[in-house]
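What follows is a set of notes on a single structure, which appears directly below.
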Amino acid sequence: MVKDEKLSAAVLAAAKAIDGKFGQDIKVLDISEISTLSDYFIIATAGNPNQLKAVCHEAEKALHQHGIRMLHSEGMSTGGWVLLDFGAVVIHMFGKDERDFYNLERVWGDAVNVDWEQM
Numbered sequence: 001m002v003k004d005e006k007l008s009a010a011v012l013a014a015a016k017a018i019d020g021k022f023g024q025d026i027k028v029l030d031i032s033e034i035s036t037l038s039d040y041f042i043i044a045t046a047g048n049p050n051q052l053k054a055v056c057h058e059a060e061k062a063l064h065q066h067g068i069r070m071l072h073s074e075g076m077s078t079g080g081w082v083l084l085d086f087g088a089v090v091i092h093m094f095g096k097d098e099r100d101f102y103n104l105e106r107v108w109g110d111a112v113n114v115d116w117e118q119m
């Protein structure tokens, strides 16, 4: 997948939207060099199921405003781990216990950690 300034701006907007709804421990991983699944993973934690849904909605809205449409979602009804697939960007929103258990940062340890606050 092709990375460009437009995609970087969309990723930044999504991370800021998650932060704006008080998402916690936001990580942006550039997986483009190690996987064909996507270019970026955004991983974050929400304090409770209602916040998790609100954060997901804001992130989706931010990406939509950048012309990136959601292709698929999983887990919105269960609330522990929500996956939002936008193709070039995949968002993983977790409850705290699920985030600790699955530890995607370790699984994708070869990915480049992007300092989204400095983008």
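If you read the sequence shown in this note's numbering, its first letter stands for residue 1, the second for the next number, and so on. From the three backbone atoms N, C-alpha and C, an ideal C-beta is built for every residue, glycine too. Quick caveat, the model's predicted, so the values are computed rather than measured.
Would you call the CB atoms of A62 and M93 closer than 9 Å? Translated into the one-based positions of the sequence shown, residue 62 becomes position 62. Translated into the one-based positions of the sequence shown, residue 93 becomes position 93. For A62 and M93, no; Cβs fall outside 9 Å.
Apart from the five residues on each side of it in sequence, which residues of its chain come closer than 6 Å, Cβ to Cβ, to Q154? Examination of residue 154 is not possible in this model, given that the chain is present from 1 through 119 alone.
Rounded to whole angstroms, how far is the Cβ of L52 from the Cβ of V82, which I believe are closer than 8 Å? For the purposes of this step, residue 52 is taken as the residue at position 52 of the sequence shown. For the purposes of this step, residue 82 is taken as the residue at position 82 of the sequence shown. Yes, they are in contact, since the Cβ atoms of L52 and V82 sit about 6 Å apart, within 8 Å.
Limits of the beta strand (DSSP E) - the one that K27 falls within: Translated into the one-based positions of the sequence shown, residue 27 becomes position 27. Annotation: the continuous beta strand (DSSP E) that includes K27 extends over 24-30.
Through-space distance from R106 to I91, alpha-carbon basis: Reading the sequence shown from its first residue, position 91 is the one you call residue 91. Reading the sequence shown from its first residue, position 106 is the one you call residue 106. Rounded to whole angstroms, I91 to R106 spans 16 Å at the Cα level.
Considering G148, what are the terminal residues of the alpha helix (DSSP H) in which it resides? Residue coverage of the chain in this structure runs from 1 to 119, which leaves residue 148 outside it and unanswerable.
Taking T36 as the reference, give the member of A111, M76, V11 with the closest Cα. Counted from its first residue, the sequence shown places residue 36 at position 36. Considering only alpha carbons, the answer is A111.
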